[in-house]
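First up is the structure itself, then whatever we jot down about it.
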Amino acid sequence: MPQHHRTNENDLVLPSGFDDIVRVIDRYVADRRTGVPHGRRHPRHRLPALLLTREPAPGTTADAATAPGAPPTDTGQGEPDPALPALVHVYHHRLVRLDAGGTGHLASLAPHALVDEELLACEHPGEGAEGRDGPHVRLLDRVARQLRVTMPDGSGTLRLPEFDACLSVLRAPIVDGDVRDERRALRDRIYDKYAWKFGFAAEVGALGEELGARHWSALVRLVTTPLAWLWRWSYGLRVDRGARFRWVGVMLDEPGRSFLDAALSLRDAHLRSRAQDRADREAPADAGAPADPARSAASAVSARDEAVVRQVLLTALIHDLARAARPPVWSVRRPRRRWPFVLLLPTVGGDGSPSRGLLNSFSAVAEETGNCPLLVLGAATADIPPYAVGLPGPGVPSQDSRPSTYGATARAVASVLAAGASGQSAEAVRAVPLSRVPGNGTSAERPATQRTVRSRERRASDWLRPVVAAAAVLAVVAGLFQVPWPGAAHTRAGAAPAPRATDTWCPKVATGERVGITDGSDGCELAHGLYADELRSLEARLGRQNAEVDRTGPYRTLVFFAPLSVGSTSRRAVPTGFQMLRGALLAQKQVNGLNLKSQMPVRLLVANAGEYFTFGSRGGLNTKNHSRVDVARMIVDRIHRDRIAGVIGLTQSRPESLQAAVELDARGVTVLGTGVSGQPMVEGDSPVSYFQLSAPDARVARVMASFARRSPRLAALTKVPQGHTAPAAVLVFDPHDTYFSADLKKRFTDAYGSAGPVHPVPYGESGNDSRTPSVAAGICALIHRTDGFVLYAGRSSVMYDLFYYLQNDKQCRTHRGRIAVLAESAAPGLVLHPELMAREYGSLSLFYNQFSLPDDKGPFGADFRKAYGVSSDGDAASGYDALKVFFKVMNEIAVTDPQFTPSAVVTFLQSTGVTDYVGESGIMTFGKGHKYPVNKEIDIREITGDGTTITDLTCGAVVAKAAPVTRWGPSGNFLCPEDD
390 MPQHHRTNEN DLVLPSGFDD IVRVIDRYVA DRRTGVPHGR RHPRHRLPAL
440 LLTREPAPGT TADAATAPGA PPTDTGQGEP DPALPALVHV YHHRLVRLDA
490 GGTGHLASLA PHALVDEELL ACEHPGEGAE GRDGPHVRLL DRVARQLRVT
540 MPDGSGTLRL PEFDACLSVL RAPIVDGDVR DERRALRDRI YDKYAWKFGF
590 AAEVGALGEE LGARHWSALV RLVTTPLAWL WRWSYGLRVD RGARFRWVGV
640 MLDEPGRSFL DAALSLRDAH LRSRAQDRAD REAPADAGAP ADPARSAASA
690 VSARDEAVVR QVLLTALIHD LARAARPPVW SVRRPRRRWP FVLLLPTVGG
740 DGSPSRGLLN SFSAVAEETG NCPLLVLGAA TADIPPYAVG LPGPGVPSQD
790 SRPSTYGATA RAVASVLAAG ASGQSAEAVR AVPLSRVPGN GTSAERPATQ
840 RTVRSRERRA SDWLRPVVAA AAVLAVVAGL FQVPWPGAAH TRAGAAPAPR
890 ATDTWCPKVA TGERVGITDG SDGCELAHGL YADELRSLEA RLGRQNAEVD
940 RTGPYRTLVF FAPLSVGSTS RRAVPTGFQM LRGALLAQKQ VNGLNLKSQM
990 PVRLLVANAG EYFTFGSRGG LNTKNHSRVD VARMIVDRIH RDRIAGVIGL
1040 TQSRPESLQA AVELDARGVT VLGTGVSGQP MVEGDSPVSY FQLSAPDARV
1090 ARVMASFARR SPRLAALTKV PQGHTAPAAV LVFDPHDTYF SADLKKRFTD
1140 AYGSAGPVHP VPYGESGNDS RTPSVAAGIC ALIHRTDGFV LYAGRSSVMY
1190 DLFYYLQNDK QCRTHRGRIA VLAESAAPGL VLHPELMARE YGSLSLFYNQ
1240 FSLPDDKGPF GADFRKAYGV SSDGDAASGY DALKVFFKVM NEIAVTDPQF
1290 TPSAVVTFLQ STGVTDYVGE SGIMTFGKGH KYPVNKEIDI REITGDGTTI
1340 TDLTCGAVVA KAAPVTRWGP SGNFLCPEDD
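Going left to right, the sequence shown walks through residues 390 to 1369 as our numbering numbers them.
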């Protein structure tokens, strides 16, 4: 085998511009946050992995090389080159130096690890624990060891508690007994290897010799035995139930909070993969024999298990590195650890290479880890991974401080590194195509003599932080033990101080979110996670508008109640409630500005239920909230204080949101749902005080089935299989989402009947994100085989994830024409910015359901754009209408009952109802036995190939006091399904 990277690097002729790229990388190796001002440094940042490739030869492109006959489109990935590993070794030499004495000792300038696949392949481990590891575990173990030994002088010892614990789990032997015995043995193994133990100094031991060994031993045991038992018990509890290892169960999709249960599953997956690997190696090779399906399936499961183990280990390593790169503020080592940890992969080969598997895992887990101080530099020697994205084009402005001194490729590398350092969303892996033109010198003449990487030396000022922190602690302790002044006892005996608003009305929960209620000016900031800035600006607007409400006279308060944040580790799409809240705030501003003879001023509160509506209710239908937080109960507690008349929003069909409506119904509070379509929300357990402004899925499913059977636009992108009258539907749904996704799947399948085959594909919103590529591959394979369409019945929050992998799947990209996707709930970003479909997902054509067509150029659309700078949509219109419907109802009630209670609204809707209300979200008649508008308008819109939006179907009530639209199609020859 040729060993390109074993040649003399000093004689290597470098590609043109490579020394510029090296200098750019050097800046971020010296300081991973370089160029980012201290005041703007985001706590979550991630540098993308850089994969060196070679520019395509003139007249060819990467795509053309792999797909003959395909149109030549340069993806910017470049081409693999077996000679590239030498360049990674050149950079490895820059990270070490001889010490000042010239004795040959290599001092590390930044902690780094070099993955040497040839050395890994030559290892012959024994039969011990390390011998059973397998190459993927041994590789990560070697990486961790190299990072430990290459810590620069004066930067301390690298501690990897999470990685060591997970590695110990994989190497744990199987013990006899049941699951409890295995859990206990696993806990004891981790305790014995890593926990601090009780011990005594040598001087104390010498004292024991003077007192007598027997008496001293008994005394020591009497003291230490209970303490040691208590310490072991508490340590095991913290390991098993603590927050540090909770992510392992989440990655493995294990229910509950037990790390030891998840660890047993992880070890079992590791043992299965190793056993299958040995079976594959020992099986006799017969080239002429047909492939054994059972063995192929077992090998596929083994590969999946191996990938999961590798991802868990890599995630644990990244968590430890993130903690090591940012010591506590009082640590003397904090200013010295500015560098990232560098991982060098000289040979990123095909799918079977260890370095490729490690890079696959990095791409899968880096997005979820948030803060990732790991800089990966690799070289592509075989096929380039599909997830490696080319560098930004020359039109993207460089963030480098001296752009004129670098070439175009170096400037692009600087821009992506600067984006990652500043906390911006970035691709996990970037391909860096190197020029085929040789440079002006060898590695010995250029990068080897231009060492700009410097490890920070010790300084006396480093001790300032710990000294100040120690002084502050001493001052606080001294204050606690002060002698009380006369009269202080009376102060202590007085009433306890009132709890803070943030503790009572917006507590912080385990996901990092703040849930609860705010009026925009009470100090409760609910903004958290990816979209905190958007919610923070809406809270400020809420506070200003509420301050204008005259509370000396009659007024009523409405509560906008919805999930408005995501967890600290979540990367889900922006909540749909944002647009609805914007519409409600605009309606509040307008109704309070009216000059009617008699009107009820409206105050608005915002209640955040947390991601997935987890903390919006407690008990009953909500089985996921294990805390003591209950936002619906908070609303109930403030009915009299804030004169609450009703609740709008919910925005999601879930057991947790319906339980919130049940809790509010117990106190007679009306809930007017927006963006809610799940059939269980209006049937069965639905309380009498719950109403909604959108059509339920029973009718939506029939409309979508009618469209799928008869739409000429969708038919142009599909083929009807033999023996059927409609194209095949690849139905993507979440089997665990019983209130929305699974219910919609069942109703669409029933409505579609035998017109076309239906192929269900499970895809959950809360499962392991590493499964999304395989889900997308399965969908693309079905589309390739059936020429059908995708019926997306999943949540809008995970549509981006699936679309990303569909777009990057080879079978989907090479499918004839675009692939039709019909969605009940589309991602809000694609609805507001349809041009993204053409730019980001050109292989797909999106059709989506909408409950109204607000006129973007009408008064509402113009006012909305002026207030928020974004376009209005059906979600914004529903939030706007919900508040105005309440305003209309409250004014009618107040004529005869100025002091009305919340239950008066329920009585009004049940007895009188709302008839032919002309809203921005359509014509609505509901109440008087109807929980939702009768024959509510339903539209199906299409985002065309040029990024514009057209309406393909409109059914239902669109004109007040007129018959609903009952036909659709080019000539109006297709019947619209109506409400039962």
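For every residue, glycine included, the Cβ atom is placed at its ideal position computed from N, Cα and C.
Reference residue i; option with closest CA among the options
i       : options                               : result
Val898  : Glu928, Thr941, Gly956 and Gln934     : Gly956
Glu1000 : Gln1239, Ala1034, Ala951 and Leu970   : Ala951
Arg1098 : Gly1062, Asp581 and Phe1137           : Phe1137
Val485  : Asp542, Phe1240, Gly1005 and Ala1131  : Asp542
Thr371  : Thr1161, Pro716 and Ala1209           : Residue 371 lies beyond the residue range present for the chain, which begins at 390 and ends at 1369; the question has no answer from this structure.
His917  : Gly782, Thr900 and Ala1351            : Thr900
Arg656  : Asp1341, Asp694, Leu863 and Lys1135   : Asp694
Ala769  : Gly741, Leu780, Val802 and Pro735     : Pro735
Val470  : Gly1258, Pro827 and Ala771            : Position check: residue 470 holds Asp in this sequence, whereas Val was assumed. Of Gly1258, Pro827 and Ala771, the residue nearest in Cα terms is Ala771.
Pro1110 : Ala1166, Ala1212, Glu1072 and His1173 : His1173
Met1226 : Lys1199, Gly1247, Leu1195 and Gly1250 : Leu1195
Ser1100 : Gly1361, Thr442, Glu756 and Val1278   : Gly1361
Lys986  : Leu1364, His481, Ser623 and Asn1280   : Asn1280
Glu468  : Ala651, Val477, Ala801 and Thr442     : Thr442
Ala1346 : Ser1241, Gly1250, Lys1277 and Ala929  : Ser1241
Close-in-space but distant-in-sequence residues of the same chain around residue i (CB under 8 Å, 5 per side omitted)
i       : result
Pro774  : Leu440, Val737, Arg745, Leu748, Asn749, Ser752 and Val818
Thr1290 : Gly1057
Cys895  : Arg903, Val904, Gly905, Ile906, Thr907, Cys913, Glu914, Leu915 and Asn997
Val690  : Arg661 and Gln665
Pro990  : Val938, Asp939, Gly942, Pro943, Tyr944, Arg945 and Asn981
Nonlocal neighbours in the same chain, by C-beta distance under 7 Å from residue i, ignoring five residues either side
i       : result
Ala1349 : Asp1305, Val1307 and Ile1312
Ala590  : Because Ala590 sits at a pLDDT of 45, beneath the cut-off of 50, its placement in the model cannot be relied upon, and the following sentence gives the value as read from the coordinates. So no residue of the chain qualifies.
Ala1117 : Pro1110, Gly1145, Pro1146, His1148, Thr1175 and Gly1177
Gly1009 : Gln1048 and Val1051
Phe407  : Leu476, Leu823 and Gly828
Supposed contact pair residue j and residue i - C-beta distance, whole angstroms, cut 8 Å
i       : j       : result
Asp1123 : Arg1032 : So it is not a contact: roughly 39 Å between Cβ atoms.
Val754  : Ile707  : 7 Å
Leu994  : Val1060 : Contact doesn't hold; Cβ gap of about 14 Å is too wide.
Ser544  : Ile579  : With a Cβ gap of about 27 Å, Ser544 and Ile579 do not count as contacting.
Tyr379  : Pro729  : Lying before the first or after the last residue shown, residue 379 is absent from the chain, which here runs from 390 to 1369.
Contact under 9 Å by Cβ, residue i with residue j
i       : j       : result
Ala968  : Asp1252 : Correcting the residue type first, residue 968 is Gln in the shown sequence and not Ala. No, the Cβ-Cβ distance between Gln968 and Asp1252 is not below 9 Å.
Gly523  : Arg663  : yes
Met549  : Arg537  : The question names Met, yet the displayed sequence has Leu at residue 549. Yes, they are a contact pair.
Glu1326 : Thr1314 : no
Ser1046 : Phe1002 : yes
Asp1245 : Ser1267 : no
Arg1091 : Pro743  : no
Tyr1237 : Ala1256 : no
Asp409  : Thr798  : yes
His1125 : Ser1155 : yes
Ala1049 : Ser1006 : yes
Phe1004 : Asp1026 : no
Gly966  : Thr1040 : yes
Ser1075 : His1113 : no
Gly1177 : Thr1107 : yes
His434  : Gly809  : yes
Beta-carbon contacts of residue i that lie in its chain and below 6 Å, excluding the five residues immediately before and after
i       : result
Thr539  : Ser497, Pro500 and His501
Glu551  : Ala705, His708 and Asp709
Gln1239 : Gly1263, Asp1328 and Arg1330
Ala1352 : none
Ser910  : Gly932
Contact between the stretch 1229–1236 and the stretch 1135–1148 (3+ Cβ pairs under 8 Å):
no
Touching or not, the stretch 1062–1071 and the stretch 1111–1130, by the rule of three or more beta carbon pairs under 8 Å?
yes
Counting pairs of Cβ atoms below 8 Å between the stretch 1069–1082 and the stretch 1096–1111, do you hit three or more?
no
Is there contact here, the stretch 970–977 with the stretch 1254–1273, by at least three beta-carbon pairs under 8 Å?
yes
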